[in-house]
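What follows is a short report on a single structure.
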Amino acid sequence: MSARRPPRAADNGSLAPRVREDTIAAVATAPGRAAIAVVRASGADALRICGRIAEPVHGWPVAAREATRCRIHDVDDPSSAIDDGLITVFPAPHSYTGETVVEFGVHGGAYVPTAVLAAIVRAGARAAEPGEFTERAVLNGKLDLLRAEAVADLIDARSRSAHRIAMQQLSGALSDHLDSLRTAVIQIEALLAYDVDFPGEDDGTLPRRIVLAACDTTIATLDALLATVPAAILGREGATVVLAGPPNAGKSSLLNALVGESRVIVSDTPGTTRDAVDVLLEHDPWPLRLVDTAGIREGADPLEQLGIEVSSRWLARAHVVVACAETAGSLTAAITAISALTPAPVIGALTKCDLVSNRYEIIDIANPVVFVSAKTSAGLAALLGEVTKAVQAGAGNPDADTPMVTRARHRSALERARGELAAFRDAWSDGALPAPVAAVHVHEAARALDELIGVVEVDDVLARVFSTFCVGK
């Protein structure tokens with residue numbers, strides 16, 4: 008897509024501003040029935056183009072960054088109104104994209120926003136591609152690439168934890184941390200350059216221990232950053248809590264009770280749940296991804312057996328498993344069978360405790376056991392408490408002050424940088440390679456961080472990042 012090719016890197020390593028001749032437009036709000044919608048245009052010609060279809064009540068010009076009522080019409084038919092809405096102008100460079108941005112606030116629904124967008128396009132704009140507004144913000148220096156990705160993560164956030172991580176990245180915490188890392192790598196390059204260019208200065212060649220110490224410190228920082236990956240995944244996707252046990256043990260009813268609404272079909276017929284059903288539950292300190300699985304039993308029919316195989320895969324990657332059963336004996340058997348299928352901690356849940364006459368039958372079971380009732384809600388808070396303790400034992404608590412690695416792209420670049428520095432360290436400490444050759448590894452480590460931050464021209468990186476955005480952002 009030639010219209011979206013990134014700029015060449017400037018001599019100082021930052022993104023060089025690129026002059027764009029076209030103006031883009033898109034509906035910035037989600038489709039569907041709604042009270043209002045936002046249609047925006049961005050580009051050097053945005054004000055002139057939108058001026059062809061908008062008639063402010065007090066005429067032109069309108070005050071910057073002030074919503075003004077206007078009549079909106081088609082450029083080819085000024086007498087026929089499309090909507091009576093609001094127009095707001097954000098002059099360059101003080102806008103989201105760094106270009107002149109014009110936003111229309113119009114009535115929501117299926118027709119009006121689409122008609123306004125069509126009118127802007129007929130007046131001279133081009134329909135925007137996914138993420139193109141944010142891409143222009145990056146290219147014009149309003150955002151760096153990491154903050155741009157945080158915008159997408161903020162939109163996609165489904166929990167407080169995911170929102171917190173996205174806001175932290177949007178604040179620039181990760182960008183600043185990675186910029187410091189990049190500076191540290193460049194400092195190692197500078198030390199090597201000194202050793203190559205001035206071998207006879209002062210006390211002779213640069214002591215290897217100085218370079219090694221700088222390299223070790225940088226590798227340790229990279230390791231600490233990579234160690235945040237599991238916590239970032241947990242914050243975004245939730246801790247996987249699998250409800251498992253024999254058929255008709257009350258798993259689906261328990262999930263519905265924990266969620267607070269009917270999300271899973273509940274039936275007295277064994278084997279009703281054929282596939283796993285997962286629901287993200289907002290919870291502190293980590294969101295919980297509750298998974299209702301097919302009942303595990305011997306002699307299941309072929310269709311039911313497929314569901315049991317899915318259950319086994321979920322059990323293998325669970326953070327916590329809640330073993331469900333109706334009686335003491337079946338709960339003991341369920342915990343034993345499930346423990347052999349998962350490395351995760353297993354919590355027993357004696358379901359339908361309102362129907363159990365003697366709870367002390369299972370007092371000798373080593374695993375934590377909670378008596379619960381989906382019907383009366385008894386024990387639900389205690390069960391969530393046990394699940395929370397198990398998750399915290401494995402993942403700890405989120406650290407609001409530590410930047411997290413949130414994407415596979417980030418992780419890949421950091422692992423490349425670490426691998427190159429490790430290769431350099433091995434070669435440098437052994438004296439196996441001369442400084443100019445060993446320095447190639449350090450240069451590649453810096454390049455990996457450059458690509459991560461977005462300070463070099465990397466077509467496929469930008470295309471991959473912004474293709475995940477919604478149109479209008």
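Numbered per the working numbering, the sequence shown spans residues 8 to 480. All C-beta atoms in this analysis are idealised placements derived from N, C-alpha and C, irrespective of residue type, glycine included. Please read all numbers here as calculations on a predicted model, not as lab measurements.
Residue i - partner residues in DSSP beta bridges
i      : result
Thr95  : Glu110
Gly355 : Ala330, Val376
Leu287 : Arg296
Val398 : DSSP output for Val398 lists no bridge partner at all.
Arg133 : Ile31
Cys77  : Pro63, Gly92
Val45  : Gly112
Ala335 : Note: Ala335 sits in no beta bridge, so no partner.
Pro84  : First, the residue type needs correcting, since residue 84 is Asp and not Pro in the sequence shown. DSSP output for Asp84 lists Asp81 as bridge partner(s).
Ala71  : Val96
Separation of residue j from residue i, as counted between CA atoms
i      : j      : result
Phe473 : Trp293 : 28 Å
Ala44  : Arg78  : 15 Å
Ala264 : Leu181 : 39 Å
Gly401 : Ala134 : 48 Å
Ala51  : Gly179 : 28 Å
Ile127 : Val113 : 13 Å
Gly392 : Asp406 : 20 Å
Pro253 : Ala332 : 7 Å
Gly39  : Gly115 : 8 Å
Phe140 : Thr30  : 10 Å
Ser288 : Leu241 : The question names Ser, but residue 288 is Leu in the sequence shown. Spanning the two alpha carbons is a distance of roughly 13 Å.
Gly278 : Arg143 : Caution applies to Gly278, whose pLDDT of 48 falls short of 50 and renders its modelled position unreliable; the model cannot decide the point.
Lys480 : Leu421 : 27 Å
Ser86  : Val34  : 24 Å
Ser350 : Arg320 : Checking the sequence shown, residue 350 turns out to be Pro, not Ser. If I take the Cα positions, the gap works out to 12 Å.
Ala256 : Thr358 : 7 Å
Thr395 : His290 : 9 Å
Arg346 : Ser318 : One detail in the question is off: residue 346 reads as Ser in this sequence, not Arg. For Ser346 and Ser318, the distance between alpha carbons rounds to 13 Å.
Ala227 : Arg167 : 30 Å
Leu338 : Asn404 : 30 Å
Val46  : Ala37  : 11 Å
Leu348 : Arg324 : 10 Å
Val218 : Leu232 : 21 Å
Lys484 : Thr225 : Residue 484 lies beyond the residue range present for the chain, which begins at 8 and ends at 480; the question has no answer from this structure.
Glu110 : Pro441 : 59 Å
Phe476 : Thr104 : 15 Å
Ala159 : Ile195 : 34 Å
Gly336 : Val329 : 16 Å
Leu153 : Leu54  : 30 Å
Trp67  : Gly58  : 8 Å
Glu62  : Glu458 : 45 Å
Val478 : Ala32  : 9 Å
Phe169 : Gly438 : Sequence check: residue 169 is Ala here, not Phe. Using only the alpha carbons, I get a separation of about 46 Å.
Val266 : Leu322 : 20 Å
Gly138 : Ile60  : 25 Å
Asp285 : Arg296 : 6 Å
Ser384 : Ala340 : 25 Å
Ala99  : Leu124 : 21 Å
Gly426 : Glu106 : 40 Å
Ala238 : Thr409 : 11 Å
Thr418 : Gln176 : It is worth fixing the name first, because residue 418 is Arg in this sequence and not Thr. If I take the Cα positions, the gap works out to 15 Å.
Asp90  : Cys360 : 60 Å
Near the ligand MG: residue i beta-carbon under 6 Å from a heavy atom
i      : result
Gly267 : Among the components of this structure there are no ligands whatsoever, and the ligand MG is therefore not found.
For residue j and residue i, believed in contact at Cβ under 8 Å, the rounded distance
i      : j      : result
Val298 : Thr343 : The Cβ separation is near 21 Å, so there is no contact.
Val82  : Ala130 : 4 Å
Gly461 : Asp151 : 6 Å
Leu250 : Thr300 : 6 Å
Ile193 : Met411 : No, Ile193 and Met411 are not in contact; Cβ-Cβ is about 24 Å, not under 8 Å.
Val145 : Ala48  : Between Ala48 and Val145 the Cβ distance is about 19 Å, and since that is not below 8 Å, they are no contact.
Val398 : His326 : 6 Å
Trp435 : Arg216 : Actually they do not touch by this definition, with Cβ atoms about 10 Å apart.
Arg414 : Glu156 : 6 Å
Val449 : Leu199 : 7 Å
Leu229 : Ala424 : 6 Å
Ile56  : Ala132 : 5 Å
Leu188 : Leu390 : Not quite, the Cβ-Cβ distance comes to about 42 Å (not below 8 Å), so this is no contact.
- Please list the segments of the beta strand (DSSP E) lying wholly inside the region 241 to 268, counting only runs of 3 or more residues, in order along the chain. 246 to 251, all fully within the region 241 to 268.
- Report yes or no: do the region 120 to 129 and the region 422 to 436 share at least 3 C-beta pairs separated by less than 8 Å? Contact fails between the region 120 to 129 and the region 422 to 436, because fewer than three Cβ pairs, one in each stretch, are under 8 Å apart.
- Message: Contact between the region 62 to 74 and the region 82 to 101 is defined here as three or more beta-carbon pairs at a separation below 8 Å; is this criterion met?
- Response: yes
- At least three beta-carbon pairs within less than 8 Å, the region 336 to 355 to the region 375 to 392: In this structure the region 336 to 355 touches the region 375 to 392; the number of beta carbon pairs closer than 8 Å is three or more.
- Task: Quick one: which unbroken beta strand (DSSP E) runs of 3-plus residues sit fully inside the region 159 to 209? Chain order, please.
- Result: Fully enclosed beta strand (DSSP E) runs of 3 or longer: not present.
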